[in-house]
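Residue numbers (full-length UniProt numbering): 1 to 293. Ideal Cβ positions, reconstructed from N, Cα and C, are used throughout, including at glycine. Note that the structure is predicted; figures quoted are calculated from it, not measured. Below: one structure, written as structure tokens.
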């Protein structure tokens with residue numbers, strides 16, 4: 001009964017926010033930043049309530065919830081999150097308040113069910129609605145040696161990547177394209193752990209940025225899409241510095257469009273930046289055989 005009431009309440013709030021946000025958007029040039037923060041808090045709060053019966057561990061900045069079968073790796077996940085908190089927050093110039101919720105899923109099927117994905121979905125982590133969700137190392141690390149499991153999880157696990165998505169989402173207040181958050185997450189992950197995603201050995205040309213936002217997941221070469229996202233952010237940081245990236249996210253968080261943010265922070269349009277990237281970074285950099293740096 002109580003659960004049903006909360007579900008109805010959440011649905012009502014989300015409908016209200018969508019309607020009022022749509023009305024506000026139609027009368028101003030501001031994007032989705034005004035109601036987005038409240039919506040994220042509602043979703044995170046409801047998710048916390050839904051998982052209140054899970055086992056739990058708490059640290060300075062996080063609450064980790066997990067199933068009994070992952071009790072042995074739960075401290076490792078929490079330790080990895082805490083290790084990422086300070087350097088990632090410092091890199092992006094944003095420290096979220098309160099304790100952040102992390103959910104640890106025992107297998108791919110249970111993680112996929114949360115989003116209606118097929119059980120074969122290969123994601124090892126997901127960020128959505130103010131909550132970081134990660135896949136237990138029991139599901140994907142083959143070693144049974146605890147020290148080896150810890151080393152693999154800390155360097156190749158999804159925690160730093162998904163936590164960076166949270167930072168981007170909160171700092172930009174939901175106002176960013178998909179390629180930007182994917183690129184920033186990979187850049188922070190590389191700096192923190194040294195891990196880089198594989199590139200594409202069949203890349204022939206860069207994708208247009210306009211195709212890499214809402215249509216990101218449907219692009220035929222996903223390896224290219226992810227590698228290009230990272231190389232764009234890498235190019236931005238190499239040319240203008242990490243401070244420029246922080247300012248760009250802050251501008252988006254104030255409601256600027258991406259083009260407005262680029263013009264204000266970099267002094268050139270998004271189209272000009274895209275042309276500069278494609279001129280300066282050969283598509284061969286997307287191929288797996290070349291070094292990541």
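Helix, strand or coil: which one does DSSP assign to residue 117? Translated into positions along the chain shown, residue 117 becomes position 117. In the three-state reduction of the DSSP assignment, residue 117 falls in the coil class, being assigned neither a helical nor a strand state.
Judging by CA-CA distance, which residue of 66, 179, 132 and 106 is the nearest neighbour of residue 231? Here residue 231 refers to the residue found at position 231 of the chain shown. For the set 66, 179, 132 and 106, the Cα lying nearest the Cα of residue 231 is the one of 179.
For residue 65, three-class secondary structure by DSSP: Here residue 65 refers to the residue found at position 65 of the chain shown. Shown here, residue 65 sits in a strand according to DSSP, grouped into three states.
Where the alpha helix (DSSP H) containing residue 181 begins and where it ends: Here residue 181 refers to the residue found at position 181 of the chain shown. In the DSSP assignment, residue 181 falls within the alpha helix (DSSP H) that extends over 178-193.
Ignore the nearest five residues each way along the sequence and tell me which others in residue 96's own chain have a CB closer than 6 angstroms to its CB. The sequence position of residue 96 within the chain shown is 96, counting from 1. Contacts found: 170.
May I ask you to report which of helix, strand or coil DSSP gives residue 123? Within the chain shown, the letter at position 123 stands for residue 123. When secondary structure is reduced to three states using DSSP, residue 123 falls in the coil class, being assigned neither helix nor strand.
Assuming residue 283 and residue 203 are in contact, meaning their beta carbons sit under 8 angstroms apart, how far apart are those beta carbons, in whole angstroms? Within the chain shown, residue 283 is the residue found at index 283, counting from 1. Within the chain shown, residue 203 is the residue found at index 203, counting from 1. In this structure residue 283 touches residue 203 by the C-beta definition: roughly 5 angstroms separates them, less than 8 angstroms.
Measure the C-alpha to C-alpha separation of residue 154 and residue 166 and round it to an integer number of angstroms. Here residue 154 refers to the residue found at position 154 when the chain shown is read from its first residue. Here residue 166 refers to the residue found at position 166 when the chain shown is read from its first residue. Inter-residue distance for residue 154 and residue 166 is about 18 angstroms (C-alpha atoms, whole angstroms).
Can residue 118 and residue 112 be called in contact, C-beta distance under 8 angstroms? For the purposes of this step, residue 118 is taken as residue 118 along the chain shown, with counting starting at 1. For the purposes of this step, residue 112 is taken as residue 112 along the chain shown, with counting starting at 1. Yes. Within cutoff.
Report the start-end ranges of each alpha helix (DSSP H) in the UniProt domain "Peptidase MA-like" (157-281) that is 4 residues or longer and not cut off at the edges. Runs of the alpha helix (DSSP H) inside the UniProt domain "Peptidase MA-like" (157-281): 159-171, 178-193, 222-240, 242-253, 258-266 and 270-280.
I'd like to check one pair, residue 218 with residue 182: are the Cβ atoms closer than 8 angstroms? Within the chain shown, residue 182 is the residue found at index 182, counting from 1. Within the chain shown, residue 218 is the residue found at index 218, counting from 1. Cβ atoms of residue 182 and residue 218: not closer than 8 angstroms.
Report yes or no: do three or more beta-carbon pairs, one from the stretch 78-95 and one from the stretch 157-166, lie closer than 8 angstroms? Yes, they touch.
For a test of the three-state rule: what should DSSP assign to residue 128, helix, strand or coil? As a working mapping, residue 128 is identified with position 128 in the chain shown. Strand, per DSSP.
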